[in-house]
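Have a look at the structure below before the remarks.
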Amino acid sequence: MEEKPTRTRIVDAARDLMRTAGLARTTTKEIAKAAGCSEAALYKYFSSKEELFLTVLNERLPRLAGLLGTLVADPGGRSVEENLTEVARQAALFYEQTFPVVASLYAEPQLKRRHEEAMRTYGMGPHKPIEGLAAYLRAEQQHGRISADADPMAAASLLLGACVQRSFAWEMTPDRRPPDSLDDFARTLARTLLRGIA
Numbered sequence: 001m002e003e004k005p006t007r008t009r010i011v012d013a014a015r016d017l018m019r020t021a022g023l024a025r026t027t028t029k030e031i032a033k034a035a036g037c038s039e040a041a042l043y044k045y046f047s048s049k050e051e052l053f054l055t056v057l058n059e060r061l062p063r064l065a066g067l068l069g070t071l072v073a074d075p076g077g078r079s080v081e082e083n084l085t086e087v088a089r090q091a092a093l094f095y096e097q098t099f100p101v102v103a104s105l106y107a108e109p110q111l112k113r114r115h116e117e118a119m120r121t122y123g124m125g126p127h128k129p130i131e132g133l134a135a136y137l138r139a140e141q142q143h144g145r146i147s148a149d150a151d152p153m154a155a156a157s158l159l160l161g162a163c164v165q166r167s168f169a170w171e172m173t174p175d176r177r178p179p180d181s182l183d184d185f186a187r188t189l190a191r192t193l194l195r196g197i198a
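Numbering of the sequence shown is given in UniProt numbering, commencing with residue 1 and proceeding in unit increments.
This is the structure we're talking about:
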């Protein structure tokens, strides 16, 4: 079996360690060791742990940003309910997988500031999905598939906020079992939101 390229091994190791130990407690030294390379080799590909984390977000977690970009570019495809259901599904998966990674940032103010600066530098941040979903909903308004008096930013915040809350609430629960399946959650959430903005 052919060995994975060094960069791929580094990103995979970073994802695995960040998900189990959290971003604050994962070091570049541990990532390099898990990837089977030197720390110097890691720095040939990534300038910092923050850049590596952003790469993990973009390349190894559910592609929420890509989905939203596609919907904004072609809002008239599937029904609004189908699109919102898929957004809710991908968002719930995304937040479920990122919550354990980023939760540790709140215990390390210096690391949190560095992380925030890196996100600003790369044009990323937790507000981006809300802006992307709001842009999609505005495009649907222009196509007449959403009420003209609906507030796209509020609707986007409601849908994505529910996805974040699902991750947080069930991550904090000992048995960690949501009352409904991910597909049922996404479908019900999209349908309920759409009733208010259609």
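No residue lacks a Cβ here, since even glycine has one placed at the ideal position from N, Cα and C.
Please say whether residue j and residue i have beta carbons closer to each other than 7 Å?
i	j	result
L52	A107	no
L61	F94	yes
residue 199	L137	Residue coverage of the chain in this structure runs from 1 to 198, which leaves residue 199 outside it and unanswerable.
A135	V80	no
S181	E96	no
L42	A88	no
I197	A155	yes
E171	F99	yes
Classify residue i as helix, strand or coil using the three-state DSSP reduction.
i	result
H115	helix
R78	coil
D183	helix
R163	The displayed chain sequence assigns Cys, not Arg, to residue 163. Three-state result, C163: helix.
F53	helix
K4	coil
Y95	helix
M124	coil
Shortest alpha-carbon distance to residue i belongs to which of the options?
i	options	result
C37	R9, R113, L67 and D16	R9
D16	E59, V164, K44 and E117	E59
L189	K33, S47 and C163	C163
A34	T70, L64 and D12	D12
L193	I31, T98, A40 and T85	T85
L133	A92, L68 and R176	L68
In chain order, what residues of the same chain lie with their CB nearer than 7 Å to the CB of residue i, ignoring the 5 residues before and after it?
i	result
V101	M18, R19, G22 and L23
L105	L23, A24, L111, K112 and H115
Y122	L54
R187	T85
CA-CA distance, residue i and residue j?
i	j	result
H143	R7	43 Å
A169	A103	13 Å
L64	A40	32 Å
P179	M119	34 Å
R195	Y45	47 Å
A92	H127	15 Å
Q165	D184	16 Å
Quick one: what's got a C-beta closer than 8 Å to residue i's C-beta in the same chain, skipping five residues either side?
i	result
T27	K49
Q141	S147, A148, A150 and P152
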